[in-house]
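Going line by line, the protein sequences match chains A and B. Throughout the first sequence, residue numbering follows the working numbering, covering 7 to 274 in sequence. Throughout the second sequence, residue numbering follows the working numbering, covering 27 to 339 in sequence.
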Amino acid sequence: MGNRFRIGFHLAVAFLTLLAFVVVFGPALAPYDPLAQNLRNPFGPPTWVNWLGTDNLGRDVLTRLMIGARPALTGVLIAVGTAALVGVPWGLTAGYIGGLLDNILMRIADALLVFPGLILALVLTAVFGPSLKTSMIAIGFVYSPILARVVRSGVLVVRNRDYVVVTRLYGLSGWHRMWQHVLPNAAAPIIVQITLLMGLSLLAQIGLGFLGVGLQPPNPSWGGALAESFPYIIVSPQASIVPGVVVVLTVLSLYRVGDELRDRFTRE
Amino acid sequence: MLRIFLRRLLILVPTALFGSILIFALVQVIPGGAAETIAGDDSSPETIARIRAQLGLDRPLHEQYVQWLTDALQGDFGRSLLDNRQIGADIAERLPHTLELAITALVIALLIGIPLGIASAIYRRSVLEGAITSLSGLALAVPEFWMAMVSINLFAIKLAWFPATGLEPWSAGWDNHINSMVMPALTLSSGAAAVVTRFTRSGMIGALDSHYIRTARSVGLSPARIYLQFAFKNALVPVVTVVGIVAGSLIGGAVLVEQVFVIPGLGAMLVNGVLQKDYPTVQSVALVLTIAVILINLIVDMACLVLDPRTRN
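Now the structure itself:
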C-alpha cells in the first residue's frame with residue numbers, strides 16, 4: 007500500500023510542476039487568443055484544433071484554462087500570504103509570551119474560526135467591489151487563526167529546548183530569538199498547514215469566482231469558466247467538466263504533497 | 027449544568043457581537059461613502075443627504091450600531107435599497123430553506139461519516155480503509171457546487187431520477203419536496219461527510235489503542251460492545267467538536283449549492299445584494315447567517331457537555 011501512495015505523491019508533484027510551468031509560460035504557450043470568439047462553434051467537442059473543445063462563445067477551452075492558471079495561483083498566494091502574515095506573528099506571540107495574552111489571543115482565534123469565511127468574503131466584496139485581491143485577502147484572514155494555532159503549538163514544543171534557552175543566556179532580543187531560533191524549528195507543521203491551506207483557498211476562490219465576485223469576465227479564470235458553463239448545463243453538460251477536473255486535480259495534488267510532507271516530518 | 031451553559035454563552039455572545047461589529051463596520055468603510063455609492067456618480071448633494079438620512083448615516087457611529095443591532099434583533103432589518111421590500115420578511119421566508127438544506131446536509135454527513143470512520147478504524151490497514159481514505163480525500167478536493175453541477179447532469183438529465191433545479195414546497199407533497207432536496211443536501215454534505223469520517227477514524231483509533239479497551243477485550247466483552255459502547259462513546263467528543271467547525275463551512279457551502287439548484291434561500295439573497303450593492307440586505311443576511319452558525323456551535327457545545335463529563339470542568 008505504501009508503494010501505491012508513493013506513486014500518488016510523484017503524480018501529484020508532476021502535476022503541480024506542469025501547472026507551475028503553465029503559470030509561468032502559459033500566455034506564451036497558449037495555442038489561441040483567450041478572448042477570440044467563434045460564435046459558429048459554441049460548445050465544440052474536443053478536436054485536433056481545440057484539444058479540450060470550445061466554450062459558450064466558441065473560445066478555446068484549453069487556452070482559457072492555461073491563461074486562468076496564473077490568476078488561480080495568484081489568488082492562492084494572496085490568501086496564503088495573508089494567512090501567514092496575520093497568523094504566524096499571532097501564534098508566535100501567543101505561544102512564546104504565553105500567559106494571559108496567550109489566553110486572549112487564542113479565544114479570539116476560536117471566535118474567528120466559527121466565522122463563515124465565504125460570507126465575510128462576500129461582505130467585503132460588497133464593500134470594495136468584486137476583485138480577486140479583495141476576496142482572497144478576506145479568505146486568508148479567515149484562515150489565519152488556523153495557522154496561528156499550528157504556529158502556537160509548534161512554538162510551545164520548542165520554546166524551552168536547550169538551544170532556545172542558550173540564546174536567552176546570550177542576551178539576544180526576544181524578537182530575534184522568536185524569528186531566528188524558535189520559528190525555524192517549529193516550521194515543519196507550518197509548512198504542512200500552508201500546503202493544505204493552498205488547497206482550501208483554491209476551493210474558496212473557485213466558489214467565489216462561480217458566484218461572480220472573483221476575477222471579472224471576460225478575463226479567463228477557472229471559477230469563471232464554471233460560472234460561464236453553468237447556464238448551459240442542460241444544453242451542454244460537458245462544458246463544466248473540464249475546468250472542474252483541473253481544479254480537483256490541483257487540490258488533490260496539493261493535499262497529497264501536504265500529507266507526504268507531514269509523514270516525512272513526523273518520521274524525522 | 028446551567029452554570030456551564032451560561033459560561034459558554036459568555037464566550038459566544040462576544041463572538042456574535044464581534045461578528046456584528048465587523049459586519050456593521052465594513053459598510054462604514056465603503057470607499058467614497060455608502061450614500062455616494064448608492065446615489066451614483068452625478069447625483070446632487072441633496073440626494074446624497076436624503077439617502078444619508080434614510081440610512082441613518084448622519085448620526086454618530088455608536089448610535090447607528092446600537093440602533094441597527096436592536097432593530098435587527100427584533101426582526102426589523104429595514105428595507106432593501108433595490109425594491110424597497112421589507113428585508114425581515116424576505117429573510118423570514120428564505121431562512122427556513124437555507125437552514126433545512128444545511129441541517130439536512132449535516133445529518134447526512136454524520137450518518138455517512140460516522141459509520142465509515144468507525145469501519146476504517148476497526149479494519150485498519152485493509153483494502154476497505156484504503157478505499158474510505160481515498161474516497162474522503164477525493165470528497166475534500168471536489169468543490170461541492172461543481173459536484174452539484176455534475177450530479178444535475180447525471181442524475182437529473184441523463185437518469186431523470188430527480189428534478190434538475192428548484193425546490194418543491196412541502197405543500198406540493200412531502201415526497202416531491204424530499205425528492206427535490208436529495209441532490210442539494212447530498213452534494214452539500216460531501217465535504218462535511220469526509221471531515222466527519224476522518225475525525226471519527228482518528229478518535230476511534232485513539233480510543234481503540236487505550237488501556238480500557240485492552241481491559242475490556244481481556245475480560246471477554248463482545249467486539250460490538252467494545253466498539254460501540256466503549257470506543258465510540260469516547261471517540262464521539264472530537265466528532266461533536268468538529269461539527270461546530272463544519273457548521274460554518276456548510277452555511278457557506280449552502281450559499282453556493284443554493285445558487286446551482288436555484289433554491290430560494292438566503293444564499294441567492296446575499297449574492298444578489300453583494301452584486302447590486304444593496305448594503306442593508308448584505309448586512310442583514312450576513313448577520314443572520316453568522317448568528318445561525320454561532321447558535322449551531324452553542325448546541326454542539328452543549329451536546330459535548332452531555333456526552334462527556336470530562337469537559338464539564
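Beta carbons: idealized from backbone N, C-alpha and C, even for Gly.
Using only alpha-carbon positions, find the residue among B:Thr191, B:Leu324, B:Thr41 and B:Phe171 that is nearest to glycine 250 of chain A.
Cα-wise, what sits closest to glycine 250 of chain A is B:Phe171.
Could you list the residues in the stretch 205-231 of chain A with a C-beta less than 8 Å from some C-beta on chain B, going in chain order?
Along the stretch 205-231 of chain A, the positions whose C-beta sits under 8 Å from a C-beta of chain B are Gly205, Leu209, Ile212, Gly213, Phe216, Leu217, Gly218 and Val219, read in chain order.
For alanine 174 of chain B, which residues in the same chain have their Cβ closer than 6 Å to its Cβ, ignoring the five residues on either side in sequence?
When the five nearest sequence neighbours on each side are left out, the beta carbons in the same chain lying within less than 6 Å of the beta carbon of alanine 174 of chain B are those of Thr213, Val283 and Val286, in order along the chain.
What is the residue span of the alpha helix (DSSP H) that glutamine 54 of chain B lies within?
Looking at the DSSP string, the run of the alpha helix (DSSP H) that includes glutamine 54 of chain B is 28-54.
Taking only beta-carbon atoms, is lysine 7 of chain B less than 8 Å away from chain A?
Nothing can be reported for residue 7 of chain B, as the shown portion of chain B is limited to 27 through 339.
Can you tell which of A:Leu22, A:Ala36, A:Arg70 and A:Phe31 has its C-alpha closest to the C-alpha of glutamate 234 of chain A?
Measuring from the Cα of glutamate 234 of chain A, the nearest candidate turns out to be A:Arg70.
Would you say glutamine 285 of chain B faces chain A, with C-beta separation under 8 Å as the test?
True, the Cβ-Cβ gap to chain A drops below 8 Å.
Rounded straight-line distance, which links the Cα of tyrosine 169 of chain A to that of alanine 26 of chain A
Computed Cα separation, rounded: 38 Å.
Check this for me: beta carbons of leucine 202 of chain A and proline 151 of chain A, under 8 Å apart or not?
Going by C-beta atoms, leucine 202 of chain A is not nearer than 8 Å to proline 151 of chain A.
Let me know if threonine 252 of chain B comes out buried or exposed under the rule of 16 or more other beta-carbons within 10 Å of its beta-carbon.
Note that residue 252 of chain B corresponds to isoleucine in the displayed sequence, not to threonine. Classification of isoleucine 252 of chain B: buried, given that the 10 Å Cβ count is 16 or more.
Can you find the residues in the same chain that come closer than 8 Å, C-beta to C-beta, to leucine 163 of chain A, ignoring five residues on each side of it along the sequence?
Going by the sequence as given, residue 163 of chain A is valine instead of leucine. Short of 8 Å from the beta carbon of valine 163 of chain A, and not among the five residues preceding or following it, lie these beta carbons of its own chain, in chain order: Ala192.
Expected contact under 8 Å - CB spacing of asparagine 205 of chain B and alanine 233 of chain B to nearest Å
Actually they are not in contact, since the Cβ atoms of asparagine 205 of chain B and alanine 233 of chain B sit about 39 Å apart, beyond 8 Å.
8 Å Cβ cutoff, glycine 50 of chain A in contact with chain B
No - not a single Cβ of chain B is within 8 Å of the one on glycine 50 of chain A.
Excluding the five sequence neighbours on either side, which residues of its own chain have a C-beta within less than 7 Å of the C-beta of tryptophan 94 of chain B, listed in chain order?
Same-chain partners within the cutoff: Phe50.
Buried or exposed: where does histidine 187 of chain A fall if 16 or more other Cβ atoms within 10 Å of its Cβ makes it buried?
It counts as buried.
Euclidean distance between Cα positions of methionine 7 of chain A and arginine 262 of chain A:
Below a pLDDT of 50, predicted positions are generally treated as unreliable, and methionine 7 of chain A, at 45, falls in that range; the measurement from the model is reported next regardless. Cα to Cα, the separation comes out at about 15 Å.
Give the DSSP-derived three-state secondary structure of glutamine 90 of chain B in the structure shown.
Glutamine 90 of chain B: helix per DSSP, three-state reduction.
First through last residue of the alpha helix (DSSP H) which encompasses tryptophan 200 of chain B
Counting along the chain, the alpha helix (DSSP H) containing tryptophan 200 of chain B begins and ends at 200-234.
How would you list, in chain order, the residues of chain B whose beta-carbon sits under 8 Å from the beta-carbon of tyrosine 261 of chain A?
Going along chain B in sequence order, the residues near tyrosine 261 of chain A (Cβ under 8 Å) are Gly163, Leu166 and Ala167.
In three-state terms, what does DSSP make of glutamine 43 of chain A?
The answer is coil: DSSP assigns glutamine 43 of chain A none of H, G, I, E or B.
Please list the terminal residues of the continuous alpha helix (DSSP H) segment that includes threonine 73 of chain B.
First-last of the alpha helix (DSSP H) with threonine 73 of chain B: 71-81.
Examine chain B for any beta-carbon lying closer than 8 Å to the beta-carbon of proline 190 of chain A, and answer yes or no.
The Cβ of proline 190 of chain A sits no closer than 8 Å to any Cβ of chain B.
Under 8 Å, with one C-beta from each stretch per pair, do the stretch 262-273 of chain B and the stretch 321-333 of chain B reach the 3-pair mark?
Enough Cβ pairs lie closer than 8 Å, so yes.
Measuring CB to CB, does threonine 316 of chain B end up less than 8 Å from isoleucine 125 of chain A?
Between threonine 316 of chain B and isoleucine 125 of chain A, the gap from beta carbon to beta carbon is short of 8 Å.
At the 8 Å Cβ level, is methionine 7 of chain A part of the contact set with chain B, yes or no?
Low local confidence applies: a pLDDT of 45 at methionine 7 of chain A is under 50, so the model's placement there is unreliable, with the coordinate-based value given in what follows. Yes, methionine 7 of chain A lies at the interface with chain B (some Cβ there is under 8 Å from its Cβ).
Give a yes or no on contact between the stretch 118-126 of chain B and the stretch 287-305 of chain B, applying the rule of three or more CB pairs nearer than 8 Å.
Flag = yes, the stretch 118-126 of chain B and the stretch 287-305 of chain B touch.
Which bits of chain B does glycine 250 of chain A rub up against, with CB to CB less than 9 Å?
Per Cβ cutoff of 9 Å: Val168, Pro169, Trp172, Met173, Met175 and Val176.
Taking CB distances under 8 Å as the criterion, tell me whether glycine 10 of chain B reaches chain A.
It is not possible to answer for residue 10 of chain B, since the shown part of chain B is limited to 27 through 339.
CB contact check: glycine 82 of chain B to chain A, cutoff 8 Å:
No, no contact with chain A.
Report, in whole angstroms, the separation of the C-beta atoms of glycine 218 of chain A and proline 136 of chain A, which I expect to be a contact under 8 Å.
Indeed, because the Cβ distance is near 7 Å, the residues count as touching under 8 Å.
Are isoleucine 143 of chain A and serine 207 of chain A close, meaning C-beta to C-beta below 8 Å?
In this structure, serine 207 of chain A does not lie closer than 8 Å to isoleucine 143 of chain A by Cβ.
For threonine 60 of chain A, which residues does DSSP report across the bridge?
Under DSSP, threonine 60 of chain A shares a beta bridge with A:Asp66.
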